[in-house]
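Numbers 0 to 314, taken from numbering that gives the first Met the number 0, label the letters of the sequence shown in order.
Beta carbons are placed, not taken as given, at the ideal position from N, Cα and C, and that holds for glycine.
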Amino acid sequence: MWVIINDKNMIKTVFKLKLDCLIFAANIPLMNNLQTLKTIMRSTPLSVVMISSLMKAGAEGIIKVLGLGTVDFINKIREGIGYIDTISNEIINRDYAATVDLKTTKQYIDNNQLYLPKKISPLTSSHKLVAIGTSTGGPKALQQVITKLPADLPCGVVIVQHMPPGFTKSLAERLNQLSAVTVKEAENGDYIKPAHVYIAPGDYHMLVRREALGEVISLNQNPPIGNHRPSVNALFESVVPFGKSLVAVILTGMGNDGAEGMQHIKRANGYIIAEDKSTSVVYGMPKAVVDLGIADEVLPVDRIASAIVNAVKRN
0 MWVIINDKNM IKTVFKLKLD CLIFAANIPL MNNLQTLKTI MRSTPLSVVM ISSLMKAGAE
60 GIIKVLGLGT VDFINKIREG IGYIDTISNE IINRDYAATV DLKTTKQYID NNQLYLPKKI
120 SPLTSSHKLV AIGTSTGGPK ALQQVITKLP ADLPCGVVIV QHMPPGFTKS LAERLNQLSA
180 VTVKEAENGD YIKPAHVYIA PGDYHMLVRR EALGEVISLN QNPPIGNHRP SVNALFESVV
240 PFGKSLVAVI LTGMGNDGAE GMQHIKRANG YIIAEDKSTS VVYGMPKAVV DLGIADEVLP
300 VDRIASAIVN AVKRN
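Written out as structure tokens, the structure is:
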């Protein structure tokens, strides 16, 4: 069943229905719908797929909706029922993926709660790196991981989240507001700094290369890899030279992007953490890594931040 949320009167209707998934169709701006969705998620947690126009002005609202428990979104560029018909297969596919694990929606983070973890002692080495790959359900998972990293994390973090242009900047800004570390959308030529998190911009592959002055981010628009740009595999392949100084993390997502890169990371003695099925919205990308038998730790999402910190201290 599809329910269009555009009025607070719809809340009563949603409460009466036993839904597996709610298709949240919203016009930009979304801010008036946030309280409605928050009320629904607190009283009747369920998986939500949002359909909305891809407009830069509304990206921040979309990120907030994703943070409230929405597990995916569909870009509706044009208006009208006719266009909805043309994306019916995408709606069905996203709806199925969203219902794979309903209980994860009960663990969404309240936007009014800010977690600031205790600091850790910095390491003497500055040539360590954390690389994270994720897709469907990623914004919510990243919010649970990045907001728990300490302000004096002694290395940088690079992230590929499958997302179209216009959303990654708002995702970075949102995480930056909630986190003790600094989070930004990556720019070509950025030097990676400790306690800084860099998210690959939509439609750009992100690579890391070493230079005399440090590690530098390189962006390109080479052809998609496995239909993905940015590609997790592209990022992971580029960080293999970090060897045992690398902590690589694979979070919730559809498909197997990142699995091939993880094999090369393992051969280089990098440390691998995969999200457990129990908290993955879609247990695809983590499963591909776990099935290869190369994960050093398989953990629920709420334990991954501490595992990252511990691995960085150890390696």
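Assignment of beta-bridge partners to A130 by DSSP yields V157, A247.
Given a length threshold of 3 residues, each whole run of the beta strand (DSSP E) inside the segment 212-284 is given here in chain order: 213-219, 245-249, 270-274. Taking a cut-off of 8 Å for Cβ pairs, the segment 191-202 and the segment 149-167 touch, as three or more such pairs fall below it.
Check the Cα spacing between L141 and each of K243, I271, Q160: the tightest is with Q160. Taking the C-beta atoms as reference points, P163 is found no nearer than 7 Å to A199. Between N232 and E210, the C-beta spacing is not below 7 Å. Of all C-beta pairs linking the segment 165-183 to the segment 277-284, fewer than three are shorter than 8 Å, placing the two stretches out of contact. Rounded to the nearest whole angstrom, the C-alpha separation of Q176 and E274 is 24 Å.
Beyond the five residues adjoining it in sequence on each side, V180 comes within less than 8 Å, by CB distance, of I145, L148, P149, A150, L152, V156, A194, H195, V196 in the same chain, given in chain order.
For the segment 154-201, the full-length alpha helix (DSSP H) segments reaching 4 residues or more read 167-177 along the chain. Following the DSSP letters along the chain, one finds L141 inside the alpha helix (DSSP H) bounded by residues 137-145. The beta-carbon distance between L245 and I224, rounded to whole angstroms, is 20 Å. This is too long to meet the 8 Å contact definition. With respect to I249, V129 sits apart: the two C-beta atoms are not nearer than 7 Å. A residue is called buried when at least 16 other Cβ atoms come within 10 angstroms of its Cβ; H227 meets this threshold and is buried. The C-alpha of P240 is placed about 11 Å away from the C-alpha of R266.
Between E296 and the set Q143, T278, D290, I271, the nearest pair of CA atoms involves I271. K243 is positioned such that its CB atom lies closer than 7 Å to that of N268.
The Cβ-Cβ distance between V300 and M261 does not fall below 7 Å.
Annotation for V308: the continuous alpha helix (DSSP H) segment containing it runs 303-313. With fewer than 16 other Cβ atoms inside 10 Å of its own Cβ, R208 counts as exposed. Residue nearest to S279 within the set K15, H126, K127, Q143 is Q143 (criterion: CA-CA distance). Taking a contact as a CB-CB distance under 8 Å, the pair L174 and M205 does not count as one, their CB atoms being some 16 Å apart.
Here E186 has no same chain residue with a Cβ atom under 6 Å from its own Cβ, once five neighbours each way along the sequence are excluded.
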